[in-house]
Amino acid sequence: MLSNSIVALGQQGLAYMAGAGRAGLLLLGALKPAGRGTKLLPLIIKQLYVVGVQSLVIIVVSGLFIGMVLSLQGYTILVGYGAEQSLGQMVALSLLRELGPVVSALLFAGRAGSALTAEIGLMKATEQLSSLEMMAIDPLHQIIAPRFWAGIISLPLLAAIFSAVGILGGHLVGVDWLGVDTGAFWAIMQSSVEWSEDIVNGAIKSLVFAVVITWIALHKGYDAQPTSEGISKATTATVVQSSLAILGLDFVMTALMFG
Amino acid sequence: MSQSNNIIEISNMSFSRNDRVIYDDISLQVPRGKITAIMGPSGIGKTTLLRLMGGQLKPETGAVVFDNQDITKLSRKELYIARRKMGMLFQSGALFTEMTVFDNIAFPIREHTELPESIIRKIVLMKLEAVGLRGAAQLFPTELSGGMARRAALARSIALDPELIMFDEPFAGQDPISMGVIVRLIRDLNDALDITSVVVSHDVEEVLSIADYVYIIANKKVIAQGTPAQLRQEKSQQVVQFMEGNPDGPVPFHFPAQDYQEELLNNVK
Amino acid sequence: MISRKIEVMVGGFLLLGIAAILMLMLKVADHQMGGSETSYRLYAKFDNVGGLKVRSAIKVGGVVVGRVTDISLDNEDFSPVVTMDISSEFNQFPETSSVAILTSGLLGEQFIGLTPGFIDEEENTILAAGDHIEDTRSAMVLEDLIGQFLYGNNDE
Chain A
2 MLSNSIVALG QQGLAYMAGA GRAGLLLLGA LKPAGRGTKL LPLIIKQLYV VGVQSLVIIV
62 VSGLFIGMVL SLQGYTILVG YGAEQSLGQM VALSLLRELG PVVSALLFAG RAGSALTAEI
122 GLMKATEQLS SLEMMAIDPL HQIIAPRFWA GIISLPLLAA IFSAVGILGG HLVGVDWLGV
182 DTGAFWAIMQ SSVEWSEDIV NGAIKSLVFA VVITWIALHK GYDAQPTSEG ISKATTATVV
242 QSSLAILGLD FVMTALMFG
Chain B
8 MSQSNNIIEI SNMSFSRNDR VIYDDISLQV PRGKITAIMG PSGIGKTTLL RLMGGQLKPE
68 TGAVVFDNQD ITKLSRKELY IARRKMGMLF QSGALFTEMT VFDNIAFPIR EHTELPESII
128 RKIVLMKLEA VGLRGAAQLF PTELSGGMAR RAALARSIAL DPELIMFDEP FAGQDPISMG
188 VIVRLIRDLN DALDITSVVV SHDVEEVLSI ADYVYIIANK KVIAQGTPAQ LRQEKSQQVV
248 QFMEGNPDGP VPFHFPAQDY QEELLNNVK
Chain C
213 MISRKIEVMV GGFLLLGIAA ILMLMLKVAD HQMGGSETSY RLYAKFDNVG GLKVRSAIKV
273 GGVVVGRVTD ISLDNEDFSP VVTMDISSEF NQFPETSSVA ILTSGLLGEQ FIGLTPGFID
333 EEENTILAAG DHIEDTRSAM VLEDLIGQFL YGNNDE
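Protein chains in written order, with the numbering used here: chain A, 2 to 260; chain B, 8 to 276; chain C, 213 to 368.
Put into structure tokens, the structure is as follows:
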């Protein structure tokens, strides 16, 4: 019994290792220059539409609401110390350092990551990937690479939009509804937010998240069992694993950057 | 037969997947300009055989020679060059769902040639005309019926004028009319374009009506081969069962199980 | 292959993203464009720097003229030395200037207030890179103030 479970554990470990190896090869194969760079750009533009433009609405709406909620909560706490003028600082720093990169990455994993996995899984199930191979076209260049680049370009932009909209939402609630002085709102924010410290670090975070989410999504789709059940499992795995990876990496990066 | 008369020669090839042996020391030849059919019951890996021929899978032992080159020993680059001489019609059609039928067929031409768009348009329309779908050029694959999708996929697989086309179950799941259309298309394209066709199928009648030479595969081996006329004379029980579709025979009706009576009696435990 | 609509929308998306980054940069962080502005370095020795931090502001009459780049301890007399980068724009402070560690509001963050001294016509005594400011006033520590208040001032 015990030896059986040890064997099973070992086999599972090996399977994970093999999966990681396939994921690595996938990325290497996709990023290796194909020698036809001119044709990659239109493919990336098309994927930017799917991955970026189509995620815009959820990012803008969520950013607005999160900024408004932050402002509302922050006001009720800060007003107790008579420090409600620091509201801008609180909203901006929470958004730029944490909520902007993390929440937009979580939304991106749910909206774009799952869609990427499902799309590629379906392409595999309907033999579109094999058919590319038989046409002597590398599916890693044709399918994986443009999606990877589009993900990496999109998420940092989406995170910046999220933070910007969130700050405007915070301004809306804090200044227009609760009556904080608009000059103090911006001035205290400006004196406390550092370009290199807060904004660049937030951008680095979302870039890392973009790589991780897109990579997981593409690997899960490419590695999916080509059946309906396999695709649905792969899609779930994408969302679960990228969410966990986002939160775990966020802690590590926060500790390194601000610790 | 001299060497160059066969476009594909598989010799002493063995292949297994997940410890399950699919092919055990199998050999077969596909002569140029002919329609060669490979038949056998489902689940014996006929599609796998096509993937082995296309170099998507590598056998454990043996050689797969395509056009005098051993596919198993080619580098990735050489393999891609060799594949430009092959076309493959997948069972599901495998049309790219995000582009129109026109773009689907133009796709391999655009990828592999530097032809101007006006010439590409002419080629695509010619290919579509050949399969009778010129009117459907601007439709998306999801708007096509199963038979039309397969014909569109056929047009795509001949877009680059390959020397060899592989058909994976071209008749499966088609209504009688589509089936008739596809049977005729395979024959006509083969003769008109002077290409070689490999048809993998288990639809006995359709295959026998168009094939020049037939291999029957079962139990990891070639169990019979010959022209359709020769096969109809075949006496081997396995072949007869497959050709006539008898429910019981060497391939038993019952999945292997313990003795029936014994199991019925022993169920009280 | 790609429709015009998709191209336009992707272009709009990219512009929106860049606009958001610019807004964060200019409006939120008030980042000065033009990158590395030149500065010169001054030192000041205090008895106690209190809650002063690296990157704290250096202000003259409320205007930010530079930032603290380093706080270290002098190994000989164990008093903290503050390194300040002052923007080259403001390079006419006389040697008699003094610095003090001040607090914005009761609980606010601490910064260095620089009070320019008088200009001596006779000698050319302008602070230059690497100079030490001698006249310093340390941070007020709240606990000391409370202590003084409670136990009275023994000097009087």
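For each residue, glycine too, the CB sits at the ideal point set by N, CA and C.
Between A:E128 and A:S87, the alpha-carbon positions lie close to 58 Å from each other. Burial is judged here by how many other beta carbons sit within 10 angstroms of a residue's own beta carbon; A:Y76 has at least 16 and is buried.
Only residues of its own chain outside the window of five on either side were considered, and among them I214, A218, T239 and S243 have a CB closer than 6 Å to the CB of A:G114, listed in chain order.
Under the three-state reduction of DSSP output, B:V211 falls in the helix class.
Bounds of the beta strand (DSSP E) holding B:G233 are K228 to G233.
In chain order, V293 place their CB closer than 6 Å to the CB of C:S284, counting only its own chain and leaving out the 5 sequence neighbours on each side. A Cβ of chain A is located within less than 8 Å of the beta carbon of B:R91. Contact annotation for A:G75 against chain C: no contact, minimum CB-CB distance about 16 Å [criterion: below 9 Å]. Per DSSP, the continuous beta strand (DSSP E) segment holding C:P292 begins and ends at P292 to S299. Residue pairing by DSSP places B:F178 in no beta bridge whatsoever. Interface flag for B:S23 against chain A is unset, since no Cβ pair is found closer than 8 Å. At a cut-off of 8 Å, the C-beta of A:E128 has no neighbouring C-beta in chain C. Residue pairing by DSSP places B:D110 in no beta bridge whatsoever.
For C:L362, the uninterrupted alpha helix (DSSP H) segment begins and ends at L354 to Y363. Within chain A, no C-beta atom comes nearer than 7 Å to that of B:M106; the closest sits roughly 10 Å away. Taken in chain order, the unbroken stretches of alpha helix (DSSP H) that lie wholly in the region 100-160 of chain A and span 4 residues or more are 101-109, 115-126 and 129-135.
The C-beta of A:V54 comes closer than 8 Å to at least one C-beta of chain C.
Around the CB of A:S197, fewer than 16 other CB atoms lie within 10 Å, so the residue is classed as exposed. Chain-ordered, the chain C residues with CB closer than 8 Å to the CB of A:M190 read V240. DSSP, read as helix, strand or coil, puts B:T55 in helix. Under the DSSP definition of a beta bridge, B:N13 partners with B:P38.
With fewer than 16 neighbouring CB atoms inside 10 Å of its own CB, B:S34 falls in the exposed class. Between A:M124 and A:L130 a beta carbon distance of about 5 Å is seen, short of the 8 Å cut, so the two are scored as contacting. In the three-state DSSP reduction, A:D251 falls in the helix class (H, G or I).
Collapsing the DSSP output to three states places C:K217 in a helix. At a Cβ-Cβ threshold of 8 Å, B:G139 and B:R158 count as neighbours.
For B:F97, a Cβ of chain A is located within less than 8 Å of the residue's own Cβ. Residue pairing by DSSP puts B:V206 in a beta bridge opposite B:A44 and B:F174. The beta-carbon distance between A:E134 and B:Q63, rounded to whole angstroms, is 6 Å. This is short enough to meet the 8 Å contact definition. The shortest C-alpha to C-alpha distance from C:V280 to any of C:F290, C:T295 and C:K271 is the one to C:T295.
Look at C:T250 here: in three-state DSSP terms it is coil, with no helix or strand label. Chain-order list of chain B residues neighbouring A:E134: G61, Q63 and R90, by C-beta distance under 8 Å. If you draw a straight line from the Cα of C:I358 to the Cα of C:A351, it comes to about 14 Å.
DSSP places B:Y87 inside the alpha helix (DSSP H), whose first and last residues are R83 to R90. Interface criterion not met: the Cβ of A:A106 is under 8 Å from no Cβ in chain B. A contact between stretches requires three or more CB pairs, one per stretch, nearer than 8 Å, and the region 123-134 of chain B fails this requirement with the region 146-157 of chain B.
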